[in-house]
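I have placed the structure first, in the form of structure tokens, so that the comments after it can refer back to it.
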Amino acid sequence: MNEPANPDWVEFRTSAIHGTGGFARRAIPAGTRVIEYVGRRIDKAESLRQCERGNPFVFTVDEAWDLDGDVPENPARWLNHSCAPNCEAENDEGRIWIVALRDIPTAAELTFNYGYDLVDYRDHPCACGTPECVGFILAEEFFPQVRRRAD
11 MNEPANPDWV
21 EFRTSAIHGT
31 GGFARRAIPA
41 GTRVIEYVGR
51 RIDKAESLRQ
61 CERGNPFVFT
71 VDEAWDLDGD
81 VPENPARWLN
91 HSCAPNCEAE
101 NDEGRIWIVA
111 LRDIPTAAEL
121 TFNYGYDLVD
131 YRDHPCACGT
141 PECVGFILAE
151 EFFPQVRRRA
161 D
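Adding 10 to a residue's 1-based position in the sequence shown gives its number in the working numbering.
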């Protein structure tokens, strides 16, 4: 779907996964653009500086640019990671949308996979609690490697 996100899709409150999370205010159909991840457009050098300062809200846009999502107008920064997410991030010409992967019932926590790589993955434990959880915040492509290491 290409309609603008409806601000009435999400409410933010305490999450069992971590800190604050986003929850469906009403049933959300699969394919819906739930919320846009917005922020200050920064180059990769500034992105590295922000990450070194501990900014967890930097979002990759492309090879040259990232978004510094640590801004008040970006409530999407509170959405939590899950190893079995019900949403995904989609890049539409440099705009990052959080889109429902499947029908989401009212009150369900909205999650997406943060897509972290294996670098220092043990520094990023996951608390999503799903049966598919690999114990760390990682891109799904790395799940088999981490599961093998745990065996």
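The C-beta atom is built at its ideal place from N, Cα and C for all residues, glycine as well.
**Item:** Own chain residues within Cβ distance below 8 Å of Thr30, not counting five before or after
**Value:** As a working note, residue 30 is residue 20 in the sequence shown. Phe22, Arg23, Thr24, Trp88.
**Request:** Put Pro82 into one of helix, strand or coil per three-state DSSP.
**Result:** The residue labelled residue 82 in the question sits at position 72 within the sequence shown. If DSSP states are grouped into helix, strand and coil, Pro82 belongs with coil.
**Prompt:** Are the beta-carbon atoms of Ala94 and Phe122 separated by less than 7 Å?
**Reply:** To locate residue 94, count along the sequence shown from 1; it is residue 84. To locate residue 122, count along the sequence shown from 1; it is residue 112. When the beta-carbon positions are compared, Ala94 and Phe122 stay at least 7 Å from each other.
**Asked** Run through DSSP, which three-state label would Asp18 get?
**Response** Your numbering for residue 18 matches position 8 in the sequence shown. Secondary structure at Asp18: helix, using DSSP grouped into helix, strand and coil.
**Asked** Helix, strand or coil for Phe122 per DSSP?
**Response** In the sequence shown, counting from the first residue as 1, residue 122 sits at position 112. In the three-state scheme derived from DSSP, where H, G and I count as helix and E and B as strand, Phe122 is classed as strand.
**Item:** Assigned secondary structure, Glu100 (DSSP; H/G/I helix, E/B strand, else coil)
**Value:** In the sequence shown, counting from the first residue as 1, residue 100 sits at position 90. Shown here, Glu100 sits in a strand according to DSSP, grouped into three states.
**Other residues of its chain near Phe152: CB distance less than 6 Å, five sequence neighbours each side excluded** = Taking the sequence shown and counting its residues from 1, one reaches residue 152 at position 142. The answer, listed in chain order, is Leu128.
**Prompt:** Under 7 Å, do Tyr47 and Ile114 count as touching if we go by C-beta distance?
**Reply:** Within the sequence shown, residue 47 is the residue found at index 37, counting from 1. Within the sequence shown, residue 114 is the residue found at index 104, counting from 1. Between Tyr47 and Ile114, the C-beta spacing is not below 7 Å.
**Where the alpha helix (DSSP H) through Glu150 begins and ends** = Here residue 150 refers to the residue found at position 140 of the sequence shown. From DSSP, Glu150 is part of no alpha helix (DSSP H); its letter is neither H nor E.
**Prompt:** Anyone know if the C-beta pair for Val68 and Cys61 falls short of 7 Å?
**Reply:** What you label residue 68 is simply residue 58 of the sequence shown in a count that begins at 1. What you label residue 61 is simply residue 51 of the sequence shown in a count that begins at 1. Taking a C-beta distance under 7 Å as the contact criterion, Val68 and Cys61 qualify as a contact pair.
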